[in-house]
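*Asks:* A single structure is presented below for examination.
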Amino acid sequence: MQEDRRQLRETLRQTYGTLKELRKSLAAVDADYALHDLGALLSVAEQEALNRLRESES
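Numbering (our numbering), first residue to last: 16 to 73.
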């Protein structure tokens, strides 16, 4: 059970990191309105991943 939780936390950390990097990449490009919308969606997904990571650690 603890191994499952550890794996979940690691997966969530990786997901959070990936989403954060994607958002930064889009912010650098941000030449198109659609990219801006996608960046906003990634921000929400990034925050949700961070929230789940915090929940899994408590």
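From the three backbone atoms N, C-alpha and C, an ideal C-beta is built for every residue, glycine too.
Here the structure is a predicted model, which means the values were calculated and not measured.
I'd like to check one pair, serine 71 with leucine 27: are the Cβ atoms closer than 8 angstroms?
*Replies:* To locate residue 27, count along the sequence shown from 1; it is residue 12. To locate residue 71, count along the sequence shown from 1; it is residue 56. Yes; because the gap between Cβ atoms is below 8 angstroms, this pair is in contact.
*Asks:* With a CB to CB cut of under 8 angstroms and the five nearest residues on each side skipped, what residues in its chain are close to glycine 54?
*Replies:* Taking the sequence shown and counting its residues from 1, the one referred to as residue 54 is at position 39. If we look at glycine 54 and ignore the five residues flanking it on each side, its Cβ neighbours are Arg38, Leu41, Ala42 and Asp45.
*Asks:* Taking the C-alpha atoms as reference points, what is the distance between valine 10 and glutamine 17?
*Replies:* Residue coverage of the chain in this structure runs from 16 to 73, which leaves residue 10 outside it and unanswerable.
*Asks:* Only counting the same chain, and skipping five residues up and downstream in sequence, which positions put a Cβ closer than 8 angstroms to that of alanine 64?
*Replies:* By one-based count along the sequence shown, residue 64 stands at place 49. Excluding positions up to five away in sequence, the list reads Leu27, Thr30, Tyr31 and Leu34.
*Asks:* Assuming leucine 68 contacts arginine 24 (C-beta within less than 8 angstroms), just tell me the rounded distance between them.
*Replies:* For the purposes of this step, residue 68 is taken as residue 53 along the sequence shown, with counting starting at 1. For the purposes of this step, residue 24 is taken as residue 9 along the sequence shown, with counting starting at 1. About 6 angstroms separates the two Cβ atoms, so the contact holds.
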